[in-house]
Each structure stands twice: as C-alpha cells, then as structure tokens.
Amino acid sequence: MQMIIDKSRHFILWALLLTVLLPAPLMAEPARKVIIMGVDGMDPIFVRKFVDAGVMPNTKRLIETGDFKPLQTSMPPLSPTAWSTFITGMDPGGHGIFDFVHRDPDPPNKRIAVMPYLSMSKAHGAEKTFEVGSWVIPLKGGSVELMRKGTPFWELLGEQSVETTIFKMPANFPPSKIHGRAISGMGTPDIRGTPGTFSFYTTLLPADADDFTGGEAYPVEVRNDTVEAKLIGPENSFRRFAKPSKKGGGAGSKDEIEYEFRDLEIPFTVYLDREEAVAKFEVQDSEFVLEEGEWSDWVEVTFEPIPYLVKISAICRFYLQSVRPEFKLYVTPLQINPADPAMPIVEPEDWGHELCEELGFFYTQELPEDTKALSNGVFGPMEFWEQTQFVYAESRKALDHLLDNHEEGLLFFYFSTIDQNCHMLYRYFDVDHPGYEPVEGLRDSVQTLYEEIDEAIGRAMESLDEDSTLIVMSDHGFAPFYWGVNLNTWLLEKGYVTLKDPSKQGRYPLFLNVDWEKTEAYAMGLNGVYVNLRGREREGVVAEGAYDDVLDRLEKDMLEFKDSRNGENVITLVVRTHRDFHGPYLDVGPDIIVGYNRGYRSSWDSPLGEFPKEIFEDNTEAWSGDHAMDYRHVPGVLITNRTITMDEPFLYDLTVAVLDEYGIAPLPEMIGSDCIGPASGEKSSVAAESN
Amino acid sequence: MFGPKVKLSKELFDRVRKYADIAGYSSVDEFVSHALEKELEFIGEADSEEEIRKKLQGLGYLS
Amino acid sequence: MGLAGALNKAMTALFAVALGVLQPLGPVIGMTIVSLVVGVIMLWIFAMVSNQDAIRGLKDHIRGNLIAVRIYQDNIALLLRLQGKIVGLTLRYMGHSLLPMIVMMGPVLLILFQLNLWFAKAPLEIGQSALLTVSLSAEAAPDVLRAVTFEVPEGVVSETPPVRVAARNEVVWRIRADAPGDYRLVFTTGGESHEKELNVGGDWRSVSSLRTGRGVWEALLYPGESPLKGGVIEAIEIEYADETIPVFGFGINWLVMFFVLSIAFGFALKGPLGVEI
C-alpha cells in the first residue's frame, strides 16, 4: 500500500515537472505558415506589364485578393545590402554591408594603400600549424565568418520557437544561428573560394583567354582521339613548396625561403569519337558519355589534400560544346557539395544530405547563372539561357520539396534567375542600348522568366491555409546599364585625386599610381567614395576638421556632374553615411554612396581602383542591365495576400511586418514599421499564446 | 659589361644621359637600372595582389 | 569447358534454383537464409577437415595455463614461462585452423561470386541511363571496332551514338530503358553475334553486369552468363548501380551482411552441432 502511494506521488511530481519544463510552444498550436518568396531583381514595372498582358494569372489573382506596391530598396540598391536590410530591419550602418566590395584601409602588403575585399564573409586561416617536411598540419582549423551584423529576423522568430526555413538567403554565408534549417545563398563561394570560376578546355584557345574573369581557359591537345586534362581545385594549404627564388630581390633581400601553396588537381580523360561527335568521360570513379551540345548530370569529385586522410568533396557538370573540328569543353565552377560540405553552407549539416537525397545534387555557388561564361564568349546567348533555365528548374524542384514539407512557421525561398538574366538580357530587347543585339530566341525571354515565377507563385498559393500569409518580394528592380562612369577618373579631373605619374594614367590597378599625399577622396566598389581621412586610412591626409568640408564639396560637385554628351545629370542622389545612416558600423562603409541616374552605373574598371582615360564609356558588354544607382529608379516589389498599409513601404518595414506576423515586437534598433495589415479575423499570435 | 644590351633611341639616350647627371647617378647604366628596378617593383606590387583581384573580378558586377 | 567452367555452371544453376525459391521472400530474408546455410556448411567442413580432438585438447591446455597465470601472479619467472607457453599453444591452435580455412576458401569464393551476382547490383530503374561497353580484343582492326552494332529492343533507347574508344578498343553507348523487363541485347560485328542480358525494373533478382570471354578467372567472377567464345568481342558490360540490402531503413552492403550473419550463425550453432572451433 505504501509503495502504491509513493508511486502515485511520483507520478504527480513528474507530471508537474513536465508541465513546467515543457516548452510552451510544444503545448501551443503550431505556428502559422508564412511563405516569403524572394525574387531577386523582380521589377514592379515588368510585373504590372505582364499582369496586365494576362501572362501572370496567378500573380493577378494574388494582387486582386491581396495587394501590390513597389518596395523601396536600400541605398545602394545592391543585393547584399538590400537583403541584409530586409534580414535585419536596419540600414547599412546597422548591418555593415555597404557594397559587394569593401576596402581594407591598412592592408598587410605595405606597398598597397587600400585593398578591396568581398564584403559578405571573411576567411580566417588555421591559427596554429606544425610542419612535417613539406606538410603543414593545422592544429586549429580555419573558419569563415559572416560579416553581416545585426540580428536576423529568424533569430527573433526562433526565440519564440517559430520554426524557420531559409533557402539561399543572400548575405547569409555561413548561415547564422537558426531555429530550423538554412542553406546559404549569395556570398557562398565555389570550392576554390571564388564567386565562381568556370573551366574551359579547348584545342583553340581564345585570343583573350588571359583576360578571362570568373573563369579559366586551358589549352588541351587531342592525341589518339584522347584528351587529358585536369580539374583545378582549391589551394592545398596542407602542403607547401619552396618558391623558386627571385633574382635580385631588391633592398633588404632576405635569406628566408619563401613558400607557396599549389592548387589541388584531379586529372580526367575524354575519349573522342569524332565521326559521331560524341565522347566518353572518365573522372575519378565516374564515367559518362556526352554528345556534342550535351550537359552531364552532376558529377561528384574528391580532392585529397592529404591522401587517404583529408578529403574535399565537390560537384560539377560537364558541357561538351564541340568535339570537332575543335574540342571545346565547359565545366561549371566546382560547387561545394551540399551533401558533404567542405565549408559551412548548410545548417544543420545533415539537412544538406537530406536535400540531396530528395533533389539530387544542386548548385550551391552564390549566383549559379554563369554570366561570366557569356561575358567571356565561352557561352553564346542561347547557351547561357539554357544554363539559367536548368538553374531555375533546380530551384523550382527545391521549392516543391520545401512547400510539401512546410507544416508550420516561416519559409523563405530565394530565386536568382530573374536578376541574373536581366543583367544579361537587357541588350537583347532594349533598342536604345549601346550593345543592342537582337537574338531571335531571346526576344520574349524576360516574359518567360516572369511567367515561370508566376507559375511558382501559383504553386505557393496552393499550399496556403486560411490564415497563412504569402509575401512575394524583391530586393530591387531593374534599369538599363547604358553608360559606365569612371568615377575615379572624374575625381581625378575634379582634383580630388592626384596621380604620381600622370603619363601612366590607366595602366595600374589598385590605386598603385595614386599620390596619396595629394589625394582627398577615392572611389571603390560599385557606389562608394571614401575620404582619405588621416588616422583612418594608412596614407590619410584629410584632417578630421576638414572631413565635412570635403564631403560638402563632393556632394555639390556630384549633384552638378553632367554628361556633356546629353546634358543629363549623372548622379541624382548623394547619401552621406554618417549623416543619413544609423548604427554602429558606419565606419565600415564608404563616406559617400553615389546614386547614379537611370542608365548610368559605375564603369567596369573604376570599382577596383583604376583610372581609365575617359570618364564615360558606352557599355557594350553582355552585362547590360543593372540597378547599382539611385534607389528611387529601381524599387523592388511587394505582393501579398494581405493589404499593404503603407504607400511607400521600404525593405526595413517588411522586416517589422514579418515579425508582426508572429506578434513579435521589433528590436529598438530596427528602423521600420509594420507595413502589412492583419488578415481578416487573424488569430492571436504564437507569442501571445505562449505567454 | 658584356651582359645583355638594350636598344634606346638616340633622342631618349641623350635625355637619359642629361638627367642621370642632374639626378646624381654615377652612370647612365646605373640610372637605367634604377629606373627599371623601380618600374618592376611597381608592376610586382600589382602582381602580388593579382590573385585577390581576380577573385573579385569573378563577380558579375566587375570585370 | 574445363573443370572450373563446369563447377561454375553447376554453382550458378544451384544458386538459381535456391535463390529462385527464396526470391518471393525478398533480399533480407534471402540473405539471412543463405548466411545460415553457409554458416552451417562451413561448420560442417571445419568439423570434417580439422582435428577436433587436437583442437579441444589445445583449448583446454590454453585455458589451464590461463588459470595458472592467475594463480601464480607473484612468480614472475613462472609467469613469463607460462606466457611463452600460451603463445606457443595459441600458434599451434591457429595452425590447426589453417587447413580448414584453406579448404573452405574455395567454396566460399565460389559462393561469394554467386552472391555478388544476386545482391551487388540493382536492375536499371525505369528512365535511368547506364553505360553499355563492348570490349574488343587488342587484335581487332579499327574497322571491326567501327562495325560494332546492337539491336535496340523495344522498351530500350540508345541515348547516344556509339563512342568508339580507339585507345582501348571499346565501344560505349549510353542506354536507357523505358519499360521493365529482362531484355536480350544482340551485338554484332563482322560475322559474329553475341547476346547480353539487360535487367530493368521489377523485383530483386540476379543482375549480371558483365558477360566475359576473358578467361577462367573472370568467368568465375561473373558467373551470370555463359562465357563469350571465340570472337573479337571480349566482354560486354552494363554499368548497373550498386545495390544495398535494406535492413531497418539502412542500406547494408551485401558482403558485410553476409560475413556478419554467417559468422554469427556459425558461432551460435557450434555448440548445438558439437563443433569445436
């Protein structure tokens, strides 16, 4: 009898304990569904046009039952900045991402005054190593740091136990802490640590092969109908080789041996049948046959920095362009394998494995559409289009999978195809473009892209419950890129910059020819201008007291800056970081952010510190549309099944609205307000329930 | 002395000789060597950062 | 046909019957029963071939010495002697297992080749592509290589033209099957013509990836189809995907499952069957 009483007492105690310990949400109802489709570069003018034309029926229905407004973007309206603004609800002063490219004002190479770097993440090498012969063994592994600051909205959702899935959000590599699952998007490198380096193997090397950017061309020979070549992987940081000594060495030459690290390689063989224009490939354990013009599936390859011990997995696809008369083979940038990631791209890690089981391998590199292959002439326009179409198909398949498994909480899903295509396709349909070139198969390509997204929107609409919210949004819109502005050359002309040797203008990159003692300001990145401030820049000369004066003069000069060819203002907006932004990271960014007029953008060479002779350049490159300008020219879109309660909602207002979907108050540092109305008869929020 | 020879135009050579004197170089050879070394150093600087620059140029936005 | 060929043929027929009976039960039960039977046969061979009395004696002897070690823990000199003795006895014990091991190796290998045929490869899935490779002898002339063709039966698609790999005297196609079935592909070049089986879709069954004419050893390794004879075509291979055996949601490699199970059965049954190992 005594025992029975004891037992029942225990039971009551346990039950009490469980009630206290169980997290409230487990007992509450599941969090409602919010689906956000992030369509990079979706433009309100195109949406309006295609909806009116009747080719976006789902979007039309969504707008009719909900709402549609242009969504004001960030300044500069560049994807890393704009998405970071949406993620954190802050301007760049708060999240610290001002551009694709930031600058180090005191780089380790003491002969260079300022050095550009990619803004979204930073790699740290192994801190401690020991050496055995030529092998370098790290004791403490290297790491990658996400440079975006601030609190992402999903962290606040997670605090309230709202499950969140973030699929390829830009500026989220490595993915920040999440209650749910995330895979990184824009800012994710390929296996070599670059934004994407394709390989092109050919018996007929293009004349400009040395100037390729974003890709490498390798000459190959056909011997006995066989091609032997190599996939070039990341640098092997586990093994060093003595550098061939340089002769001379100049003053203070050291006796120390200099070491270098070499790239890892995987040899592969292609057996050609030139009669049938078909070939057999052997790459490690994979064997496949491709016809001319055919793409392979994803092929998994493994680099071995230390044989049998350390392995780096990557995936790539082969595109056999031509077997005869010349051999031409394109290989995609080597992707980090999502099932076995060499860098932290997915959180939790086994989700990557799960995704691959469901979807097969897929692109993980930041912007998979190979714009560089088109720019360098390795792809023709139709080949580029075809490649972007299977990038889209991969995304679309992933959307299906995520929607099917979305039972509660927030799902964010990112599409890159409209953005990357609009960059490249503008010149195929805009007759005013300096690079206008009609291509038959591409005349309606932009419409096709919007139709595709419309179909995806329809798929998302199907999965909505009565009280779910669907938000279709973009980070910016699009404008043509007619003319490149060499802003550094303009600064030179205006006397803000002095060159050491004016006769060598245009010959050196990275400001190497700049006389810093006589330079007040320089341009770096797509929209940034930095004052050469003493104490901050290593070669700084502008005194703190003169800082505002320099900015005043710059602002005035910029707003008066006209294109003499047509009398247009070149710059229509000047944002002064310290005057117009908020937050603790103002010093990371430039002092001025330049808002170019429609049609203008920074030139190709100016962002990395070059001084071409002319200020203006006609843009005849394949990259023909852009948005790196005055944000008012390129708003994004906001389409939702709710009402939009603001006339001019900004990206940072949408952040607050997303939090409000779950009844979560914004952080004090968030600068926006809720811009989405409640659903009719909206239920009490999760947060309220859990309290 | 019997090392490789470099061809200069007569005009340039005269100018080099003139300025070598003014700048206090003991010989034209020394002036030319110094100038070339400086120029090489200049190019070398860019060369050492080429890798980083190439990486940045992989962005579609730059070239 | 030599002795090896006859043996191979007999084994293949035996497994075809035995596993044919087990086929409706699926690969998990199939593999379990095969492992059980093989475990028992191995025990029986061991009992037949080994000197059971000697093994029993040696094991008792080792056990006795181990007890002695525990008793005389303080006597270092004796301990060392005992240890030396134990090592010697253990070696003699192992020596007694050597002969049965060697005797068993032959049948075990033959069994492994058969299991490989049944458990290692999966039939092509519908819509899945695979490489089909025809290898010619080194003496075959280039025009013979170029003349190799195969009849594409209905339900099978040749996705690419042939790749004639001159460097290796091979012809490769990428094929796909759109309907399930066991097809017979017929290859011809010059005057000769050969068949190769192609397995698509359907349940667990034997999947022969290679039909070979490259000698006895390969014929033993790939016993699924009769050896190719007397022509320039030396081998015909279909690159099937690897198969695993689904156990509680995990895919287990057949070889691992076979060894674990047959050894486990062997140990479990040695008592009941009175075999000393």
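Protein chains in written order, with our numbering: chain A, 8 to 698; chain B, 4 to 66; chain C, -13 to 263.
Ideal Cβ placement from N, Cα and C applies to all residues, glycine included.
- Chain A has no Cβ within less than 8 angstroms of the Cβ of P93 of chain C.
- Annotated three-state conformation of T652 of chain A is coil, per DSSP.
- Interface residue (Cβ-Cβ distance to chain B less than 8 angstroms): T378 of chain A is classified as such.
- Here the segment 268 to 282 of chain A lies against the segment 237 to 253 of chain A, with 3 or more beta-carbon pairs under 8 angstroms apart.
- Shortest Cα-Cα distance from V23 of chain C to any of C:G260, C:F251 and C:I263 involves C:F251.
- Look at L336 of chain A here: in three-state DSSP terms it is strand.
- Fully contained in the segment 448 to 527 of chain A are the following beta strand (DSSP E) runs of length 3 or more, in chain order: 476 to 480 and 486 to 492.
- According to the DSSP assignment, A165 of chain C belongs to no beta strand (DSSP E), since it is labelled neither H nor E.
- Taking 9 angstroms as the cut-off between beta carbons, none of the residues of the segment 120 to 149 of chain A comes near chain C.
- Listed in chain order, the positions of the segment 100 to 120 of chain A with a beta carbon within less than 7 angstroms of a beta carbon of chain B are F107, V108, N116, R118 and I119.
- The secondary-structure analysis by DSSP pairs E289 of chain A across a beta bridge with A:T276 and A:E294.
- In summary, R434 of chain A is buried, with 16 or more beta-carbon neighbours lying within 10 Å of its beta-carbon over all protein chains present.
- A direct Cα-Cα distance of roughly 60 angstroms separates S115 of chain C from D46 of chain C.
- Residue contact check for W90 of chain A against chain B: no CB pair falls below 8 angstroms.
- DSSP places K184 of chain A in the coil class of the three-state scheme, outside both helix and strand.
- In the three-state DSSP reduction, W104 of chain C falls in the helix class (H, G or I).
- Shown here for S179 of chain C: same chain residues with a beta carbon closer than 8 angstroms to its own, the five before and five after excluded, namely V172 and F173 in chain order.
- Proximity of the segment 303 to 322 of chain A to the segment 181 to 190 of chain A falls short of the contact definition, fewer than three beta-carbon pairs being nearer than 8 angstroms.
- The alpha-carbon of V20 of chain C is positioned some 25 angstroms away from that of V186 of chain C.
- Membership of W30 of chain C in the alpha helix (DSSP H) is indicated by the continuous run G12 to V35.
- Within chain A, not a single residue places a beta-carbon under 8 angstroms from that of S36 of chain B; the smallest gap is close to 10 angstroms.
- M122 of chain A: not part of any alpha helix (DSSP H); member of the beta strand (DSSP E) spanning M122 to L125, first to last residue.
- Beta-bridge analysis with DSSP links G45 of chain A to A:Y421 and A:M480.
- Its Cα nearest to that of L95 of chain C, the residue C:L207 stands out among C:A2, C:I249 and C:L207.
- In this structure, DSSP gives C682 of chain A a state outside helix and strand, which the three-state scheme calls coil.
- Under the three-state reduction of DSSP, A405 of chain A is assigned to helix.
- Taking the Cα positions, P87 of chain A is about 30 angstroms away from R514 of chain A.
- Look at H109 of chain A here: in three-state DSSP terms it is strand.
- With a threshold of 8 angstroms between beta carbons, P139 of chain C makes no contact with chain A.
- Using a Cβ-Cβ distance cut-off of 8 angstroms, the segment 623 to 640 of chain A and the segment 517 to 525 of chain A are not in contact, since fewer than three pairs of beta carbons, one from each stretch, lie closer than that value.
- The segment 569 to 586 of chain A makes contact with the segment 599 to 619 of chain A, as at least three CB pairs between them are under 8 angstroms.
- Of the other Cβ atoms in all chains shown, 16 or more fall within 10 Å of the Cβ of Y399 of chain A; this residue is therefore buried.
- Note that the C-beta distance between I31 of chain C and M80 of chain C is not below 8 angstroms.
- For F245 of chain C, the enclosing alpha helix (DSSP H) stretches over residues W240 to K256.
- Using a CB distance cut-off of 8 angstroms, W611 of chain A counts as an interface residue toward chain B.
- In the DSSP assignment, K13 of chain B falls within the unbroken alpha helix (DSSP H) covering K13 to I25.
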